[in-house]
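For what it's worth, my numbering labels the leading residue of the sequence shown as -7, then goes sequentially.
Glycine included, every Cβ here is placed at the ideal spot set by N, Cα and C.
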Amino acid sequence: MPTPTRPRLVRCPQCSGMSEYSPTNPWRPFCSERCKLIDLGQWATDAYRIPVEEPDGSLPMDDGDH
Ligand SMILES: [Zn+2]
-7 MPTPTRPRLV RCPQCSGMSE YSPTNPWRPF CSERCKLIDL GQWATDAYRI PVEEPDGSLP
53 MDDGDH
């Protein structure tokens, strides 16, 4: 007899609807793929821009003579 696990509900960060936070929900903590994609879309905008760090000076020397 399987243990009755009560699905843990969390609030979707995107639409504020209830979403199931469980391994069966691949979009957790979002309620759906749509909400997750919307959130990922926001990451692509200025709202969540992450500064890209260039590995400055760690590359092999290239004198530019091609
Ligand atoms: Zn949602």
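Taking 3 residues as the minimum length, the beta strand (DSSP E) runs contained wholly in the region -5 to 42 are 1 to 3 and 10 to 12, in order along the chain. Closer than 7 Å to some heavy atom of ligand 1: that describes the Cβ of GLY9.
SER11 is a Cβ neighbour of ASN17, given a cutoff of 8 Å. Residue burial annotation: GLN34 is exposed, with fewer than 16 other C-beta atoms found within 10 angstroms of its C-beta.
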